[in-house]
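S.K.: One rule links them: number in our numbering = place in the sequence shown (from 1) + 1096.
Once you've had a glance at the structure underneath, I'll fire off some questions.
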Amino acid sequence: MDGIRELLREHLFERAPIAIAVMDPDHRIVLANEAFESLFGDPKGRLCHEVMKGRGESCERCTLDWTFADGKVRVCDDRLLIQGGISSHFVIRVAPLSTEGEGKDYCLWVASNVNEANSLRRENELLFEKTPCYVTVLDRDLRIVRANRRMREAFGKAWGHPCYTVYKRRHKPCRECPALKVFEDGQDHTSTQVGIKSNGEEAHYVVTASALSREGGGPEGRVNFVIEMATDITHLRLLEHEKLEAERLAAVGQTVAGLAHGIKNILMGMEGGIYVMQSGLEKGEGKKVDRGMQMLGRNVERISNLAKNLLSFSKGSVPKVALEDPNRVAREVVDLYSDMAAAAGVRLEAELKEGLAPAALDREGMHTCLANLVSNAIDACRAGETAGCRVLVRSGEDREVLHYEVSDNGCGMDYNVKSRIFTTFFTTKGTGGTGLGLLTTRKIVQEHGGRIEVETAQGKGTTFRILLPRKRLPALTTAGEDDEPDGGEEPVKEGGHAHDVG
């Protein structure tokens, strides 16, 4: 230990990364370290104001004189001239230094160049203020302690107010608050939210919350402050809506000819039913009358289903979203179709991953999607010649992406059929289908921010897969306990989804 102390005495002065000098009462520099000389050149024997100020007389308010006068340690900041005549900002500390053997007094002069620190601070400040998203720093009470310019311009006065009041005009935290989750577990959290700007407009944004500082400075300390960065996606949501609307209207336009053809076929079936019924009445044959009535009933049902499904597909609607158990929807569909599957000699089974977290889903809409897929799978098994037909419904989640799968080992599809399954009025069921089931399914999945995939092989079976990234799920439409709009609430509109199994 003594050796280490001696080593420090010998080398600390020279190797210190800050400028250090020893000065006498006449302001003459009697000793300087390497860092000092690298900044100001060789100063020995010269006066401090000559070396660091480029002037012939001492400074009017000289910290060195004050310290020699009263022996107090002083700290100040000043601009000094480094080599090349460049003015640089320093924080200076002056302390008395006595040498008993020589009977002289000196001052120890230590200076830190803060130009780099100030430059970094300015860069950080510029980055914080100019970042093209909403940036806030929150304390553990969810109060905003800092907000950047874009956030202030969009949502108004923010400092000292709770984030849920500024962003949402609420009086209590949102249900799915990413900042609260960060305070709880210290991990990054992301969610999609809907706020209200100071001008009353809705703002859709994706917000990521991260730990900014912790107790003790270590990675395991309690989180004291959270930084939230929110990217406004209102314009993107509008473009997505317009794109879906354009696709929907284009598809509706393309259906006119198909609709006329479909109605014509149904009317022909109804005419046939009327003919059979009239023939039975004229001849007094009750069986013919019954058969004619059945034909009429079937065709009335077909035209009713066609109209309902076309209406469901053609009208624009906002999903009625609430936090739902993803497995509940799948179980309901399996229960609904279990008798139908059994009657067709098909085993309908479910493999649902337990413990899935609730998700923002339109339960009726997702029920329609799975019902369409399960019904199609049962029909595919009926059409196939495979022994031991089976339809399997799966649920799961991988990397924050919920997924449903409906698989069958039925007849499968060739390339031509697969390429047309999402085409308006395309059906493989002849007069038994409307051709709108999968089109409606895809529409609902897209409204949930997801996509639908299909894998198939003719004679081997088909798998439809619905993929729903949690980050893209629609915002909740369920009001809070105090009837305030909750985090990510969207207006609730009338309109549901009719079942169509294409």
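Note that CB positions come from ideal geometry on N, CA and C, so glycine has one too.
Model, not experiment: these values are computed from the prediction.
Taking C-beta to C-beta, are V1322 and V1262 nearer than 8 Å?
M.R.: In the sequence shown, counting from the first residue as 1, residue 1322 sits at position 226. In the sequence shown, counting from the first residue as 1, residue 1262 sits at position 166. No, the pair does not count as a contact, with Cβ atoms beyond the cut-off.
S.K.: Look at F1224 and N1244 and say whether their C-beta atoms are less than 8 Å apart.
M.R.: Here residue 1224 refers to the residue found at position 128 of the sequence shown. Here residue 1244 refers to the residue found at position 148 of the sequence shown. Yes, they are a contact pair.
S.K.: What's the C-alpha gap between A1112 and A1207?
M.R.: Reading the sequence shown from its first residue, position 16 is the one you call residue 1112. Reading the sequence shown from its first residue, position 111 is the one you call residue 1207. Rounded to whole angstroms, A1112 to A1207 spans 11 Å at the Cα level.
S.K.: Specify the secondary structure class of E1114 as computed by DSSP and reduced to three states.
M.R.: If you number the sequence shown from 1, residue 1114 lands on position 18. The sequence given here places Ile at residue 1114; Glu does not occur at that position. Three-state DSSP puts I1114 in coil, outside helix and strand.
S.K.: Threshold first: 3 residues or longer. Then list the beta strand (DSSP E) segments lying entirely within the stretch 1156 to 1215, N to C.
M.R.: 1170 to 1178, 1182 to 1195 and 1200 to 1209
S.K.: Throw me the rounded Cβ distance for the V1385 and G1376 pair, which I believe falls under 8 Å.
M.R.: Taking the first residue of the sequence shown as 1, we reach residue 1385 at position 289. Taking the first residue of the sequence shown as 1, we reach residue 1376 at position 280. Contact holds; Cβ gap of about 4 Å.
S.K.: According to the Cβ coordinates, are V1487 and V1442 closer than 8 Å?
M.R.: Numbered from its first residue, the sequence shown carries residue 1487 at position 391. Numbered from its first residue, the sequence shown carries residue 1442 at position 346. Yes. Within cutoff.
S.K.: Spatial neighbours of A1131 within its chain, please: CB distance less than 8 Å, with the 5 preceding and 5 following residues excluded, ordered by chain position.
M.R.: Here the question's residue 1131 lines up with position 35 in the sequence shown. The beta carbon of A1131 sits closer than 8 Å to the beta carbons of A1112, P1113, I1114, A1115 and I1116 from its chain, once the five residues preceding and following it are set aside; these are given in chain order.
S.K.: In its own chain, which residues sit with a C-beta less than 8 Å from the C-beta of C1155, not counting the 5 before and 5 after it?
M.R.: To locate residue 1155, count along the sequence shown from 1; it is residue 59. Contacts found: H1145 and K1149.
S.K.: If you measure between the beta carbons of D1328 and Y1301, is that distance less than 8 Å?
M.R.: In the sequence shown, residue 1328 corresponds to position 232, counting from 1. In the sequence shown, residue 1301 corresponds to position 205, counting from 1. Yes, Cβ-Cβ distance for D1328 and Y1301 is below 8 Å.
S.K.: Measuring straight from C-alpha to C-alpha, what distance separates K1556 and P1570?
M.R.: Against the sequence shown, residue 1556 aligns to sequence position 460. Against the sequence shown, residue 1570 aligns to sequence position 474. Cα-Cα distance, rounded: 36 Å.
S.K.: Rounded to the nearest angstrom, what separates H1499 and L1535 at their Cα positions?
M.R.: Locating residue 1499 in the sequence shown gives position 403, where the first residue counts as 1. Locating residue 1535 in the sequence shown gives position 439, where the first residue counts as 1. Roughly 19 Å between the two C-alpha positions.
S.K.: Go through the stretch 1455 to 1509 residue by residue and report every complete run of the alpha helix (DSSP H) that reaches 4 residues or more, in order.
M.R.: Correct list: 1459 to 1479.
S.K.: Does the beta-carbon of V1171 have 16 or more other beta-carbons within 10 angstroms, so that it is buried, or is it exposed?
M.R.: Taking the sequence shown and counting its residues from 1, the one referred to as residue 1171 is at position 75. Looking at its Cβ environment, which holds fewer than 16 other Cβ atoms inside 10 Å, V1171 is exposed.
S.K.: Report the rounded CA-to-CA distance for G1506 versus G1451, giving the unit in angstroms.
M.R.: Position 410 of the sequence shown, counting from 1, holds the residue named residue 1506. Position 355 of the sequence shown, counting from 1, holds the residue named residue 1451. One C-alpha to the other measures close to 31 Å.
S.K.: How do the stretch 1423 to 1433 and the stretch 1462 to 1482 stand: do at least 3 beta-carbon pairs fall below 8 Å, yes or no?
M.R.: The stretch 1423 to 1433 makes contact with the stretch 1462 to 1482; the number of CB pairs closer than 8 Å reaches 3 or more.
S.K.: Can you list the beta strand (DSSP E) stretches of 3 or more residues lying completely in the stretch 1233 to 1279, in chain order?
M.R.: DSSP runs (the beta strand (DSSP E)) wholly in the stretch 1233 to 1279: 1240 to 1243.
S.K.: Pull the bridge partners of R1427 from the DSSP assignment, please.
M.R.: Counting from 1 along the sequence shown, the entry for residue 1427 is found at position 331. Beta-bridge pairing links R1427 to no other residue.
S.K.: Report buried or exposed for G1508, applying the criterion of at least 16 other Cβ atoms within 10 angstroms of its Cβ.
M.R.: Here the question's residue 1508 lines up with position 412 in the sequence shown. Result: buried.
S.K.: Less than 8 Å between the beta carbons of K1253 and Y1260, yes or no?
M.R.: Numbered from 1 along the sequence shown, position 157 holds the residue referred to as residue 1253. Numbered from 1 along the sequence shown, position 164 holds the residue referred to as residue 1260. Cβ distance not < 8 Å, so K1253 and Y1260 don't count as in contact.
S.K.: Kindly list the residues whose CB is nearer than 7 Å to the CB of M1247, restricted to its own chain and excluding five residues on each side of it in sequence; keep chain order.
M.R.: Locating residue 1247 in the sequence shown gives position 151, counting from the first residue. If we look at M1247 and ignore the five residues flanking it on each side, its Cβ neighbours are Y1230, V1231, T1232 and A1254.
S.K.: Would you list the one or two residues that DSSP bridges to G1141?
M.R.: The count along the sequence shown starts at 1 and reaches residue 1141 at position 45. BP columns for G1141 are empty, so no partner.
S.K.: Nearest CA to the CA of G1291: which residue from E1316, T1304, H1285 and T1330?
M.R.: Mapped onto the sequence shown, residue 1291 falls at position 195. Ranking E1316, T1304, H1285 and T1330 by Cα distance to G1291 puts T1330 first.
S.K.: Compare the C-alpha of L1564 against each of E1367, T1304, R1495 and M1373 and name the closest.
M.R.: If you number the sequence shown from 1, residue 1564 lands on position 468. Cα-wise, what sits closest to L1564 is R1495.
S.K.: Considering just the uninterrupted stretch of the beta strand (DSSP E) at R1563, what are its terminal residues?
M.R.: Within the sequence shown, the letter at position 467 stands for residue 1563. As written in the sequence, residue 1563 is Leu, which differs from the Arg given in the question. Note, L1563: beta strand (DSSP E), G1557 to P1565.
S.K.: Taking 8 Å as the limit between beta carbons, can you name the residues of its chain near H1544, skipping five residues before and five after?
M.R.: Locating residue 1544 in the sequence shown gives position 448, where the first residue counts as 1. Counting only Cβ-Cβ distances below 8 Å, and skipping sequence neighbours, we find P1415, L1457, D1458, G1461, M1462, L1564, R1568, L1569 and P1570.
S.K.: Do you know offhand how far E1297's Cα is from E1493's?
M.R.: What you label residue 1297 is simply residue 201 of the sequence shown in a count that begins at 1. What you label residue 1493 is simply residue 397 of the sequence shown in a count that begins at 1. Distance between the alpha carbons of E1297 and E1493: 34 Å.
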